[in-house]
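Asker:
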Amino acid sequence: MAEKIPIPTQPDVELRQNRDARRMARHIGDREFKRDWNSDREEQYLSQPHQKSEQRRNRNQGRATAWRKQQQNRTAPPKQPTSTPDLSQYMSTSSTALRDDPMYNFTQGSRQVFKRKCQNIEHSSFPQLCDATYRQLREFAPRLQREMPYLVFLHAMNTTLQAWLLDTARNLNQEIRWQDEEQPLSAIPREMIIPAPIAEYLSLINKNIIPNGDNVRVNIPDATVPQDNANGNIAGTFGVADANSHNAYETNISPYVTMRNVQSCARNEQLPPLPPELHPANTTPTLNLLGYVPRSNFSPDAKSLMESYRFEDGPGLSGRLRLCPALMADVSASLYRLESKFRRFFNHLR
95 MAEKIPIPTQ PDVELRQNRD ARRMARHIGD REFKRDWNSD REEQYLSQPH
145 QKSEQRRNRN QGRATAWRKQ QQNRTAPPKQ PTSTPDLSQY MSTSSTALRD
195 DPMYNFTQGS RQVFKRKCQN IEHSSFPQLC DATYRQLREF APRLQREMPY
245 LVFLHAMNTT LQAWLLDTAR NLNQEIRWQD EEQPLSAIPR EMIIPAPIAE
295 YLSLINKNII PNGDNVRVNI PDATVPQDNA NGNIAGTFGV ADANSHNAYE
345 TNISPYVTMR NVQSCARNEQ LPPLPPELHP ANTTPTLNLL GYVPRSNFSP
395 DAKSLMESYR FEDGPGLSGR LRLCPALMAD VSASLYRLES KFRRFFNHLR
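All residue numbers for the sequence shown refer to this note's numbering, where the first residue is 95 and numbers rise by one.
1) Return the residue from the list Glu-126, Glu-433, Phe-220 and Glu-108 that minimises the CA-CA distance to Leu-383.
2) Only counting the same chain, and skipping five residues up and downstream in sequence, which positions put a Cβ closer than 6 Å to that of Ala-324?
3) How long is the line joining the alpha carbons of Glu-371 and Phe-234, rounded to whole angstroms?
4) Using C-beta distances below 6 Å, list every residue in its chain close to Asp-308, excluding the 5 sequence neighbours before and after it, in chain order.
5) Identify whether His-249 lies in helix, strand or coil by the three-state DSSP scheme.
6) Is the separation between the beta-carbon of Ile-299 and that of Val-310 shorter than 8 Å?
7) How should Arg-354 be labelled, buried or exposed, when 16 other C-beta atoms within 10 angstroms of its C-beta is the threshold for buried?
8) Under the rule that 16 or more other beta-carbon atoms within 10 Å means buried, what is Met-118, buried or exposed?
9) List the endpoints of the continuous beta strand (DSSP E) containing Lys-301.
10) Could you tell me whether the Cβ atoms of Ile-292 and Thr-352 are closer together than 8 Å?
11) Give me the Cα-Cα distance between Pro-374 and Ala-335, rounded to the nearest whole angstrom.
12) What residue range does the alpha helix (DSSP H) around Lys-397 cover?
13) For Pro-283 versus Phe-440, is the C-beta distance shorter than 8 Å?
14) Would Phe-247 and Val-356 be called neighbours here (beta carbons separated by less than 8 Å)?
15) If you draw a straight line from the alpha carbon of Pro-236 to that of Asp-395, how long is it in whole angstroms?
16) Which of the three DSSP states is assigned to Phe-439 in this structure?
17) At least one CB of chain B closer than 8 Å to the CB of Ser-339: is that the case?
18) Suppose you measure from the CA of Thr-253 to the CA of Ser-182; what does that come to, to the nearest Å?
19) Are Val-387 and Leu-245 touching if we call contact CB-CB under 8 Å?
20) Give the secondary structure of Ile-328 by DSSP, where H, G and I count as helix, E and B as strand, and everything else as coil.
21) I need the straight-line Cα distance from Asp-407 to Glu-241, nearest angstrom please.
22) Let me confirm a value: Leu-238 is counted as buried when at least 16 other C-beta atoms fall within 10 Å, else exposed. Which label applies?
23) Within this structure, are the beta carbons of Leu-415 and Pro-320 separated by less than 8 Å?
24) If you compare alpha carbons, which of Pro-243, Thr-380 and Glu-363 is closest to Leu-429?
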C-alpha cells in the first residue's frame, strides 16, 4: 500500500514566504551598511593629509628646534683652531743602510729561525743515463750520430738539468737567489721534447711530502751552482777544484766540461776539460769528473756541425749554462723527428 504524502496547508506556505522575505531584507540591509562603513574606506580617509592637521602638528617645530640648538651650544666645548705641525725638523736628512741587528743593544739577541727539511741529491748517474738513452735512440735511427752527435746531446741534456735545478730552487723552494736573472726554463725551447727516461729523472727532482705532512725540499748548495763570469769567475764552472771543493765536480755536471767535449771534437784535439787555473798542476782528468768524455773520432759532418756552435760566456743565466741556442734548436729538431715515429719514448718538458 502506497504511503501518503502530506500536503502543506495555506497558512504554512505564507509563513515560510514571510520568513524568507525578512531574511532577504536583513541581508540587503547588512550589505549596504558594510558598503557605507567599510573599515578600508575609513583607513583611506584617515591616511589622507589634511591641511589643518599638518599646520597644527608643525606649529611648534621652530621653537623646539631653536631650543635644542641652544642647549647643544651650551654643553659643547669651544673648538680650538687646528693647524698642521711642522715635521721637517724631525725628518732624517741622510739615509742609512739596513742592518740585521737586534732591536735593542743587548749582549744577546734573538731572531726568527726558519726550519726547513731538505734532501741532498747528486747527479753522478746522469751521464750514464744520457749514454744509455742515446744508445737506444741510435737503434731507432742509425744515422743519428751525424745530425746529433752524443756530445751535443749530452750538453743539451745537461743544460736542461741545470735549468731545472735553478728553477726548482727559485720557484718551487721560493729562494731569493738569482732573482735579478731571467727565468731558468726560458733557456729551453718551449717546443722541446725530452726522452722519457731523462724526463722521469727530472720529475723526481721535486718537493716531497712525508707521512707527517711536512714538505721536504731539494737542497741546492751554492758550491754546486754553475758560476757566471762576474767577479772574474769562469762561466759554467764550480770554481777551483781543490781538496775542499772537488766534491762539487763529482756530484754535479759542470756545463763548462760538457762544452769542452764538443770543442775538443770540433778542433780534433784533446782540450783540458777545465782551465789550468782551476785544477792542480800535472794532473790528468778521469771519469770521476762528471760530464767528461775522452775525445773520439766523428764523421766530417758531425765535426763541421760541432765547429759551428758558439757558446755564451757572459753574466746571468746564459753564462751559467754555457748556453748555445743553435745547439738546443738542433737537438730539439732531431728529437722531434724521432718523436713522430716513436711517441711512447718521449715526453714534453712543459
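Just so it is clear, CB atoms sit at the ideal spot from N, CA and C, and this is done for glycine as well.
Answerer: Taking the definition as stated:
1) Phe-220
2) Pro-409
3) 42 Å
4) Lys-211
5) helix
6) no
7) buried
8) exposed
9) Neither: Lys-301 is in no beta strand (DSSP E) and is coded neither H nor E.
10) Their beta carbons are not under 8 Å apart, which means Ile-292 does not touch Thr-352 by this criterion.
11) Looking at the two C-alpha atoms, the distance is approximately 8 Å.
12) 394–401
13) no
14) no
15) 15 Å
16) helix
17) Of the protein chains in the structure, only one exists, and it is not chain B.
18) 56 Å
19) Cβ atoms of Val-387 and Leu-245: closer than 8 Å.
20) coil
21) 25 Å
22) buried
23) yes
24) Pro-243
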